[in-house]
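**Q**
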Amino acid sequence: MWKRFRKIEISSRQWIIVITIVSLTLMAVSIFTDAIRNPIRQGVSVVVVPMQKGINTIGTYVYSRVEMIANLKNVTEENKELKEKVAQLTEENSLLNQNQIELQRLRELYALDDQYASYEKTAARVIAKESGNWYYVFTIDKGSEDGLEVNMNVIADGGLVGIITEVGPNYAIVRSIIDDNNNVSGMLINSGDTCTVEGSLSLMDDGYVYVKYLNSSVEVKDGDRVVTSNISSKYVEGILIGYIKDVTMDSNNLTKSGYLVPVVDFEHLQEVLIILDQKEIEE
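Numbering (numbering that gives the first Met the number 0), first residue to last: 0 to 282.
1. Determine the DSSP secondary structure at Asp140, reduced to helix, strand or coil.
2. Measuring only the C-alpha atoms, how far is Ser256 from Val166?
3. Quick check: what's the CA-CA separation for Gln277 versus Glu148?
4. In or out: Asp179 buried (at least 16 other Cβ within 10 Å) or exposed?
5. Looking at Phe265: is its Cβ nearer than 8 Å to the Cβ of Ser175?
6. Given this structure, state the Cα-to-Cα distance separating Lys211 from Glu119, to the nearest angstrom.
7. Could you give the uninterrupted runs of the alpha helix (DSSP H) lying entirely in the region 153-203, keeping only those of 4 residues or more?
8. Just to confirm the assignment, what range does the beta strand (DSSP E) spanning Leu259 have?
9. Taking all protein chains shown into account, do 16 or more other C-beta atoms lie within 10 angstroms of the C-beta of Val74, making it buried, or fewer, making it exposed?
10. Closest to Ile154 by CA distance: which of Glu197, Leu253, Glu236 is it?
11. Is the beta carbon of Lys233 sitting closer than 8 Å to the one on Asn169?
12. Compare the C-alpha of Ser250 against each of Lys128, Ile243, Ser215 and name the closest.
13. How about Leu239 and Leu159: do their beta carbons lie closer than 8 Å?
14. Quick check: the Cα distance between Leu187 and Lys244, rounded to an integer number of angstroms?
15. Name the DSSP bridge partner or partners of Met67?
16. Cutting at 7 Å between CB atoms, please list the residues of its own chain near Ile126, excluding the five before and the five after it.
17. Can you grab the Cα-Cα spacing for the pair Lys79 / Ser63, in whole Å?
18. Using the beta-carbon count (16 or more within 10 Å), is Ser231 buried or exposed?
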């Protein structure tokens, strides 16, 4: 038995030959593998590289679109916030301007109160008017409960507006001097000569009303002031009505007529003063 497994002895020369054969074999395998692997690698590269480029391009495009949408959403939200801020600032600015305008009107009303300090007055706000551009008939927010009565005079903008024609518990209706055929007895403040101021809505489109029945001998020029006269049956004395314009001799050579520019802005009335003192006419 021990003879069968007798030790096999290999010489150094044989080892060198074996190692040489193994090395050559490995080299051949390596060369053969590269020869096979390179064409495969190149073939794979031809297919894979374009795919990788395409995938990269698509990925870049998708990322850019996602980023653009995100930025657009942010810009939209910022734009919405800015619009809300602009709307808020616009509203605040509008309220501020409105308050300033109202304050100016109240100051003018206060100055008018001082101008006619000898009369007792109360303020009221215009709440409705007849259709059209002019405040020829309008409603105010005070009435009999506030002491208002028919025929009380109404003033604004430094002069005569009209007269109260109807009174309710909490409202009153005012008919202005520009209403058709509404006549006011006037007086030239420089000379004391009397005249009649006659309303005309059609003429108001040019900014005038009529002034009639001036004595032919009266010296009058454009800009002369006309106030309510002392002989008026309903209007208290000395309220400014307006300014003379283009007075000429009438065909009868006895009187003069022309136009009068009202001092009141009858297109933008908002607040008025009511003179509580009524004209007293002796029987």
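Here a beta-carbon is modelled for each residue, glycine too, at the ideal position from N, C-alpha and C.
**A** Reading it off the structure:
1. For the purposes of this step, residue 140 is identified with residue 141 of the sequence shown, where counting begins at 1. In this structure, Asp140 counts as coil in the three-state DSSP scheme.
2. What you label residue 256 is simply residue 257 of the sequence shown in a count that begins at 1. What you label residue 166 is simply residue 167 of the sequence shown in a count that begins at 1. Those two C-alpha atoms are separated by around 35 Å.
3. Walking along the sequence shown from the start, residue 277 turns up at place 278. Walking along the sequence shown from the start, residue 148 turns up at place 149. The alpha-carbon atoms of Gln277 and Glu148 are separated by roughly 9 Å.
4. Working through the sequence shown from its first residue, we reach residue 179 at position 180. It counts as exposed.
5. Counted from its first residue, the sequence shown places residue 265 at position 266. Counted from its first residue, the sequence shown places residue 175 at position 176. In this structure, Ser175 lies closer than 8 Å to Phe265 by Cβ.
6. Here residue 211 refers to the residue found at position 212 of the sequence shown. Here residue 119 refers to the residue found at position 120 of the sequence shown. If you take the alpha carbons of Lys211 and Glu119, they lie about 31 Å apart.
7. 200-203
8. Residue mapping note: residue 259 aligns to position 260 of the sequence shown, counting from 1. Leu259 -> beta strand (DSSP E) spans 254-261.
9. In the sequence shown, counting from the first residue as 1, residue 74 sits at position 75. Exposed is the call here.
10. By one-based count along the sequence shown, residue 154 stands at place 155. Residue Glu236 is the option with its Cα nearest to Ile154.
11. Taking the sequence shown and counting its residues from 1, one reaches residue 233 at position 234. Taking the sequence shown and counting its residues from 1, one reaches residue 169 at position 170. Taking 8 Å as the Cβ cut-off, Lys233 and Asn169 do not qualify as a contacting pair.
12. Start at 1 with the first residue of the sequence shown, and residue 250 comes out as number 251. Closest by alpha carbon: Ser215.
13. Taking the sequence shown and counting its residues from 1, the one referred to as residue 239 is at position 240. Taking the sequence shown and counting its residues from 1, the one referred to as residue 159 is at position 160. Their beta carbons are under 8 Å apart, which means Leu239 touches Leu159 by this criterion.
14. Against the sequence shown, residue 187 aligns to sequence position 188. Against the sequence shown, residue 244 aligns to sequence position 245. The alpha-carbon atoms of Leu187 and Lys244 are separated by roughly 13 Å.
15. In the sequence shown, counting from the first residue as 1, residue 67 sits at position 68. BP columns for Met67 are empty, so no partner.
16. The sequence position of residue 126 within the sequence shown is 127, counting from 1. Result list for Ile126: Thr138, Ile139, Asp140, in chain order.
17. Reading the sequence shown from its first residue, position 80 is the one you call residue 79. Reading the sequence shown from its first residue, position 64 is the one you call residue 63. So the two alpha carbons sit approximately 24 Å from each other.
18. Mapped onto the sequence shown, residue 231 falls at position 232. It counts as buried.
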